[in-house]
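To keep things clear, I will list the structure first and then write my remarks on it.
Residue numbers (UniProt numbering): 1 to 257.
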């Protein structure tokens, strides 16, 4: 996982960049290449991170991708930390969303929020790697927050619990996607079948089914890790937990259906 963090430098300067009204540069400022802008720099950075990961994203590698010198990038973005903020705000602002009927129940609305965020993290895995100390307070982030809070509106939760519920839901999404990405990376190095073939003979010699009856019984039922199974079960549990906080007529607990 990358150790890069967002939201750790000059917040005032970052906010100025995040809330730019257009991609045009200030009057009198001439960039190193005609047509280059903050938006173009961020687009190239996102493309590079999507392809090669955050560890490959440096001001030098980005400059090479854009065909400019590294120093010229600082005309547009002060440094990598601010660049990461701009990248996060951009991908969240452009986030694809499932259509949800206006009369959809709260479970459908929250499931769509979870699925949309999951899709984004798989599309941009570096977002799951990035430790956001403080979310960049740009139009993309604020717009995302507004739309996702709307999924909680009318559920009967106090405002503080609307925010807490959304935070909890997104934390679940992040954790399950991170686990799925890690599993995929391990499978690229060694498949589950290869791992079991290598370890099974030793485990059969050292593990006693009578000493660990629950581990043997449950482990035999579970089988190999399944990201889809973990996602479906975990999301159902998260929604049931939120349901426990709702008025009875709204909750719609899954075990009451």
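Beta carbons are placed, not taken as given, at the ideal position from N, Cα and C, and that holds for glycine. Note that this is a predicted model, so its numbers are computed, not measured.
Cβ atoms of residue 14 and residue 85 come within 8 angstroms of each other, at about 5 angstroms. Between the segment 109-117 and the segment 165-184 there are three or more C-beta pairs closer than 8 angstroms, enough to call the two in contact.
Within 10 angstroms of the beta-carbon of residue 238 lie 16 or more other beta-carbons, which makes it buried.
Around the CB of residue 235, 16 or more other CB atoms lie within 10 Å, so the residue is classed as buried. Boundaries of the alpha helix (DSSP H) around residue 145: 139-150. If you check the CB distance, residue 177 and residue 121 come in under 7 angstroms. For residue 70, the uninterrupted alpha helix (DSSP H) segment begins and ends at 70-73. Membership of residue 64 in the alpha helix (DSSP H) is indicated by the continuous run 59-66.
Inter-segment contact for the segment 133-145 and the segment 76-96 is present: three or more beta-carbon pairs are separated by less than 8 angstroms.
The C-beta distance from residue 36 to residue 77 rounds to 11 angstroms, too long to fall under 8 angstroms, and the pair is not in contact.
The Cβ atoms of residue 126 and residue 17 lie no closer than 7 angstroms to each other. The segment 140-152 makes contact with the segment 91-99; the number of CB pairs closer than 8 angstroms reaches 3 or more. In the three-state reduction of the DSSP assignment, residue 220 falls in the helix class, which pools H, G and I. For residue 19, the three-state secondary structure derived from DSSP is coil. In this structure, residue 89 lies near residue 140, with their beta-carbon atoms less than 7 angstroms apart. Restricting attention to 211, 57, 205 and 246, the CA atom closest to the CA of residue 161 is found in 246. Here DSSP, grouped into helix, strand and coil, assigns residue 162 to helix. Residue range 125-129 is occupied by the alpha helix (DSSP H) that includes residue 125.
By alpha-carbon distance to residue 229, the top candidate from 154, 194 and 180 is 180.
Counting along the chain, the unbroken alpha helix (DSSP H) around residue 50 starts and ends at 38-52. Shortest Cα-Cα distance from residue 248 to any of 207, 197 and 155 involves 155.
In the same chain as residue 70, and ignoring 5 residues on each side of it, the C-beta atoms closer than 7 angstroms to its own belong to 59, 60 and 63, in chain order. Here residue 233 is exposed. Its C-beta has fewer than 16 other C-beta atoms within 10 Å.
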